[in-house]
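If you read the sequence shown in this note's numbering, its first letter stands for residue 29, the second for the next number, and so on. In this text, a Cβ means the ideal position worked out from N, Cα and C, and glycines have one as well. Worksheet: one structure, shown below.
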Amino acid sequence: HAYLMHHFTEGHLKSAILSSEFSQLPSIVERLVKKSQGLFIWVDVIVKYINQSRSGKSSRLQEILSTDAHPDQEEELNSTYQLVVKAAAGPKPDSDTTVVRLILNLILAASEIEILSQDTLYAMLQPSTHITQREFQDVLGYLSPILIVDAGGVRAFHTSVLDFISSAKRCGEELYMGLGEIHCLMAK
């Protein structure tokens, strides 16, 4: 409760609550806590997801509140990660989805060996996409609820993100790549 209350009253999410809804804040926080099913990772991801909204923090909050909680914690995390991925891909069909798919799978493949620098990750995308450096940075920004992007490189925010990407059942066929396919891409 305290973490969410802080973000909605003093932190970055203050603008997500319309002044007319402020009296409902305890109820909103309670609904989010219930949806989290005790997973702080879920709370942290949705706080970041709402904060980096393209269309407005209030609409992101309403999007999360409008969905029913899954009875299974893993399904709730999957659903939340899928929201982040879809937002990162943006409104364009296919092209940004391909970039997001490649970024996440390259991070997955490299995760056991090393952390990829932003420059290395961008270079690996170039043969398969024609994404500009600016577009690449934007996509990384939109994936920031589930990735850590800093001077040390780009990596998954939590091991559950790697679990999500490594399972076609969890992330969906449009995002999933077999390790053989990923390693071929990395070798090019």
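Q: Using alpha carbons as the reference points, say which of Ile-131, Ala-196, His-211 lies closest to Ala-184.
A: Ile-131
Q) Would you call Thr-95 buried or exposed, if buried means 16 or more other Cβ atoms sit within 10 Å of its Cβ? A) exposed
Q | Nearest-angstrom Cα separation, counted from Leu-207 out to Glu-38 | A | Cα to Cα, the separation comes out at about 43 Å.
Q | Segment contact, 8 Å Cβ cut-off, at least three pairs: the region 74-84 with the region 127-144 | A | no
(Q) Along the chain, where does the beta strand (DSSP E) containing Leu-175 start, and where does it finish? (A) Membership of Leu-175 in the beta strand (DSSP E) is indicated by the continuous run 175-178.
(Q) Excluding the 5 residues flanking Gly-181 on each side, which residues of the same chain have their C-beta closer than 6 Å to its C-beta? (A) Ile-143, Leu-144, Ser-145
Q. Is it true that the CB of Leu-41 sits closer than 8 Å to the CB of Asn-79?
A. yes
Q: Measure the alpha-carbon distance for Val-113 versus Phe-50 and round it to whole angstroms.
A: 29 Å
Q.
For Ser-43 and Val-71, I'd like the C-alpha separation in whole angstroms.
A. 18 Å
**Q.** Identity of the residue in Tyr-31, His-211, Pro-155, Leu-213 nearest Gly-66 by Cα
**A.** Of Tyr-31, His-211, Pro-155, Leu-213, the residue nearest in Cα terms is Tyr-31.
Q | Same chain, Cβ closer than 8 Å to Thr-157, neighbours up to 5 away in sequence not counted | A | Ser-123, Thr-126, Val-127, Leu-130
(Q) Suppose you measure from the CA of Val-57 to the CA of Glu-209; what does that come to, to the nearest Å? (A) 42 Å
Q: Determine the direct distance from the alpha carbon of Ser-172 to that of Ala-151, and round the result to whole angstroms.
A: 20 Å
Q. According to DSSP, what are the bridge partners of Gly-181?
A. Asp-178
Q. Going straight from the alpha carbon of Val-73 to that of Ile-174, what length do you get?
A. Roughly 7 Å separates the two Cα atoms.
Q) Can you name the start and end residues of the alpha helix (DSSP H) that His-34 belongs to? A) 30-37
Q) Hey, Leu-134 and Leu-149: beta-carbon distance below 8 Å or not? A) yes
Q.
For Leu-153 and Gly-200, what's the separation of their Cα atoms in angstroms?
A. 21 Å
Q. Phe-192 lies in the alpha helix (DSSP H); which residues open and close that run?
A. Per DSSP, Phe-192 belongs to the alpha helix (DSSP H) from 187-193.
Q.
For a test of your reading of the model: does the CB of Leu-136 fall under 7 Å from any non-hydrogen atom of the ligand ZN? Yes or no.
A. As for the ligand ZN, it is missing from this structure, which has no ligand bound.
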